[in-house]
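Keeping their order, the protein sequence lines are chains A and B.
Each number in the numbering used here comes from the position in the first sequence (counting from 1) with 558 added on.
Each number in the numbering used here comes from the position in the second sequence (counting from 1) with 558 added on.
Following: one structure in structure tokens, then a few remarks.
There are 2 protein chains.
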Amino acid sequence: MADDATTAQRTAKRIAPAEAPKPYHHGDLSRALVAAGRRILETEGPDALSLRAVAREAGVSPAAPYHHFKDKGELLDAVAGEGWRELGDAIAQARAEAASPAVAVTEIGVAYIRFARENPALYRIMYRMACDRKTMPEHARKAEGGVGQVAEAILAAGAQPTSELDLHLIQIAAWCTAHGIAEMVAFKEFEELKEQLGGEEAFVRAVLAHVGILSGTARAMLQAS
Amino acid sequence: MADDATTAQRTAKRIAPAEAPKPYHHGDLSRALVAAGRRILETEGPDALSLRAVAREAGVSPAAPYHHFKDKGELLDAVAGEGWRELGDAIAQARAEAASPAVAVTEIGVAYIRFARENPALYRIMYRMACDRKTMPEHARKAEGGVGQVAEAILAAGAQPTSELDLHLIQIAAWCTAHGIAEMVAFKEFEELKEQLGGEEAFVRAVLAHVGILSGTARAMLQAS
DNA sequence: GTCCGATCTGGACAGCGTTTAGATAGATCA
DNA sequence: TGATCTATCTAAACGCTGTCCAGATCGGAC
């Protein structure tokens with residue numbers, strides 16, 4: 559009876575998401591597919607993330623996803639989207655927890671790189687998708703998204719950019735730098751150095767601290783002082 | 559008759575596609591395959607670079623490459639190796655042509671990014687391979703290779719790193735920064751900005767000049783001055 | 001001149017992304 | 001209530017991929 563009732567109810571609203579017996583035609587697949595994709599990404603790496611594998615993991619036929627996503631790329635985009643959202647959260651948290659606005663920018667960078675390091679397969683998909691479409695997802699660019707927060711943090715740190723453009727360029731430079739380090743920090747040839755510095759995060763902070771030496775601006779400052 | 563002769567000859571050496579007579583059993587395939595790979599990379603992009611396509615382009619069967627490369631990855635590695643060598647050359651040239659040692663580091667960065675921009679498919683393969691093995695090819699790290707030159711240029715610019723480690727960190731920071739910009743400079747969302755600044759190279763230089771703002775070092779210098 | 005070992009082919013295998021035709025079942029309207 | 005509509009899903013097929021195998025081919029050493 560109770561079972562009948564719940565079944566009826568479940569049927570009526572067509573969901574019953576996480577675990578419990580699969581209800582309906584086949585639950586809401588979109589979400590299930592994205593979840594399956596992330597599961598595969600975490601357990602088997604980005605190379606195993608085939609459309610068929612995702613469908614298998616979700617318990618549907620290989621053609622089923624095509625009723626929810628135009629093609630494989632669109633599914634991966636959805637997975638990547640989740641990643642960008644979480645990266646945005648991680649950055650917001652790092653910013654909130656920073657000891658002072660002055661160090662917030664660095665903390666954002668560290669959080670960004672840590673996210674990439676803790677979710678390597680996901681980060682790879684995120685950037686692969688971004689490169690293919692040559693764009694970041696909308697919400698990653700907005701103020702509440704990952705990158706938008708950098709500009710705010712820079713201003714909060716007391717920087718006085720000479721123009722809107724100046725600020726924008728700092729933001730882009732920060733972004734590129736973080737991405738570059740994020741992609742390379744796992745390279746084996748840095749392992750000795752990491753140990754020497756007392757861990758990976760220390761290494762990341764050391765590299766971030768040395769970025770400035772390179773720029774014309776930094777050199778100008780050096781000569782001025 | 560002539561037809562018979564040429565046919566016989568062709569049969570004897572079995573194909574002779576491009577131009578000059580291929581020597582031997584089938585010429586030295588290794589080199590031909592790498593060349594074919596680069597050709598495909600340039601004309602059809604990195605996604606079209608399948609083992610079978612390379613074999614087709616070189617005029618051999620899909621199994622032939624396996625007598626010269628353990629698997630597809632090893633072939634791509636060879637293609638990437640050529641890329642790293644050429645990138646090293648481009649950097650050396652930029653360094654040689656720099657107006658002064660003081661600007662050489664920036665010029666190296668610009669040359670690096672320009673190379674990536676002019677050979678996007680090749681650069682992608684280069685980094686995909688590096689990421690998979692988590693290492694750069696040997697010769698890219700040596701002094702005569704691309705990255706090794708950065709340290710020399712930094713010293714030549716008059717920088718006085720406090721230690722071997724300090725220099726190494728600057729080098730790594732430079733490398734990561736260049737890579738990050740190289741991968742993102744093609745993004746559509748920067749197009750307006752590029753126009754505003756008068757071209758892509760101007761944009762790259764502007765971003766490079768703004769990198770320093772981010773680092774703790776730069777901030778310290780700012781406060782000191 | 002015969003044999004060896006390197007090189008290449010043709011065919012096969014499983015797995016991939018994608019498309020098509022047809023089955024299933026919730027929702028809608030009579 | 002029952003018939004119909006529409007979204008969803010399956011089964012089967014296509015051509016592509018990377019890789020392996022048995023066998024053909026041929027340059028070079030004995």
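No residue lacks a Cβ here, since even glycine has one placed at the ideal position from N, Cα and C.
Does any residue of chain A have a CB that is nearer than 8 Å to the CB of residue i?
{"i": "B:F673", "result": "no"}
{"i": "B:P579", "result": "Note on B:P579: pLDDT 41, under 50, position unreliable in the model; the coordinate value appears next. For B:P579, the answer is no, since every Cβ of chain A falls outside 8 Å of its Cβ."}
{"i": "B:G770", "result": "yes"}
{"i": "B:A606", "result": "no"}
{"i": "B:V539", "result": "The question about residue 539 of chain B has no answer, for chain B in this structure spans 559 to 783."}
{"i": "B:M687", "result": "no"}
{"i": "B:K630", "result": "no"}
{"i": "B:A709", "result": "no"}
{"i": "B:K692", "result": "yes"}
{"i": "B:L587", "result": "no"}
{"i": "B:A622", "result": "no"}
{"i": "B:A662", "result": "no"}
{"i": "B:A669", "result": "no"}
{"i": "B:A611", "result": "no"}
{"i": "B:A731", "result": "yes"}
Under 8 Å between the Cβ atoms of residue i and residue j?
{"i": "B:W642", "j": "B:H697", "result": "yes"}
{"i": "A:A744", "j": "A:R675", "result": "yes"}
{"i": "B:V668", "j": "B:E759", "result": "yes"}
{"i": "B:A709", "j": "B:L725", "result": "yes"}
{"i": "A:A808", "j": "A:I598", "result": "Nothing about residue 808 of chain A can be read from this structure; chain A reaches only from 559 to 783."}
{"i": "B:A616", "j": "B:L591", "result": "yes"}
{"i": "A:A764", "j": "B:L713", "result": "no"}
{"i": "B:L609", "j": "B:P620", "result": "yes"}
{"i": "B:G716", "j": "B:A660", "result": "yes"}
{"i": "A:G646", "j": "B:G738", "result": "no"}
{"i": "B:A740", "j": "B:Y670", "result": "yes"}
{"i": "B:G770", "j": "A:V769", "result": "yes"}
For residue i, would you say it is in contact with chain B, using Cβ-to-Cβ distances shorter than 8 Å as the test?
{"i": "A:H625", "result": "no"}
{"i": "A:E722", "result": "no"}
{"i": "A:K700", "result": "no"}
{"i": "A:A714", "result": "no"}
{"i": "A:Y582", "result": "Residue placement at A:Y582 is poorly supported in this model, since its pLDDT is 45, which falls under 50; the coordinates still yield a value, given next. No, A:Y582 does not count as interfacial toward chain B."}
{"i": "A:L634", "result": "no"}
{"i": "A:I728", "result": "yes"}
{"i": "A:L751", "result": "yes"}
Contact between the segment 660-667 of chain B and the segment 584-604 of chain B (3+ Cβ pairs under 8 Å): In short, these stretches do not touch, since the Cβ pair count stays below three.
Can you find at least 3 beta carbon pairs, one from the segment 637-652 of chain A and one from the segment 678-686 of chain A, that sit closer than 8 Å? Judged by Cβ distances under 8 Å, the segment 637-652 of chain A makes contact with the segment 678-686 of chain A, as three or more pairs qualify.
Using a beta-carbon distance cut-off of less than 7 Å, what residues from the segment 636-659 of chain B approach chain A? Flagged: no residues at all.
Against chain A: residues of the segment 733-748 of chain B by CB proximity under 9 Å: Cβ contacts with chain A: W733, C734, T735, A736, H737, G738, I739, A740, E741, M742, V743, A744, F745, K746, E747, F748.
Could you tell me whether the segment 743-760 of chain B touches the segment 741-756 of chain A, where touching means 3 or more Cβ pairs closer than 8 Å? Using a C-beta cut-off of 8 Å, the segment 743-760 of chain B makes no contact with the segment 741-756 of chain A, since fewer than three inter-stretch Cβ pairs fall below that distance.
Count Cβ pairs between the segment 696-716 of chain A and the segment 725-732 of chain A that sit closer than 8 Å; are there 3 or more? The count of Cβ pairs closer than 8 Å, one atom from the segment 696-716 of chain A and one from the segment 725-732 of chain A, reaches three, so the stretches are in contact.
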